[in-house]
Amino acid sequence: LMPKAIVDYGIILSLNSLFNQIENATVLKIRFYENLGDDVRLDLQTELNLYRITQEAINNVIKHAEATDVFVQLMLHSNEIIFTFEDNGKGFSELVADTGKKGIGLKSIINRAKAMSGYCDIDSTPGNGTTITVVIPI
């Protein structure tokens, strides 16, 4: 289902609203940087996928990471969109990521990136948090 906020207001206002809700309900502090502005719209399916990726990443942080800070960046460049999600949580072993033992959430993020003809890189080590980078060609 398409969140009504995405259709009506776009990705930036929708993410800001999501981040405010999360900060009010948890101990997480979320910093968000973007260069789109409130009036720039991406393809609706791209906006939806980025929103769902963000929801999944935040869900993983809340359930597993024991993080207190999250930094999200959404950058529009001339030929690609780069979405970065970083947390200061406990991280996990690269072996988990490399052996295909990713949880459903990480697989969902990777599959959403592929569905947009993009790719996803997940960098995590125990004690150093996790960084998820999604690159989408435009």
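Following my numbering from start to finish, the sequence shown increments by one per residue and tops out at 217. We put the CB at the ideal spot given by N, CA and C, even for glycine. All figures in this text were calculated on a predicted structure; none of them were measured in a lab.
Residue i and residue j: beta carbons closer than 8 Å?
i, j, result
"I85", "Y130", "yes"
"F171", "P205", "yes"
"G182", "G208", "no"
"Y112", "Q152", "yes"
"L92", "A146", "no"
"N139", "M195", "no"
"L121", "I90", "yes"
From the DSSP output, in three-state form, read off residue i for me.
i, result
"E113", "strand"
"V106", "coil"
"T209", "strand"
"L121", "coil"
"I141", "helix"
"F91", "Phe is not the amino acid found at residue 91; the sequence shown has Ile there. Three-state result, I91: helix."
"I132", "helix"
"I101", "helix"
For residue i and chain B, any beta-carbon pair shorter than 8 Å?
i, result
"D166", "The question asks about chain B, but that chain is absent: this structure has only one protein chain."
Comparing alpha-carbon positions, which option in the options lies nearest residue i?
i, options, result
"M154", "M195, P82 and L115", "L115"
"A136", "M195, V149, I161 and Q124", "V149"
"T212", "T163, A146, V119 and N128", "T163"
"E165", "T125, D200, N103 and S157", "D200"
"P82", "S187, V119, N99 and Q124", "Q124"
Along the alpha helix (DSSP H) that carries residue i, what are the first and last residues, could you check?
i, result
"D87", "K83 to Y88"
"I189", "I183 to A194"
Would you mind reading off the limits of the beta strand (DSSP E) that contains residue i?
i, result
"F162", "E159 to D166"
"S172", "S172 -> no beta strand (DSSP E), and no H or E assigned at all."
Could you name the residues of the same chain whose beta carbon sits closer than 7 Å to that of residue i, not counting the 5 residues immediately before and after it, in chain order?
i, result
"V214", "E159, I161, G197 and Y198"
"R191", "N128, R131 and I132"
"T105", "I141"
"I101", "L107, I109 and I137"
Can you name, in chain order, every residue of its own chain whose Cβ lies under 6 Å from the Cβ of residue i, other than the five neighbours on each side?
i, result
"D202", "T210"
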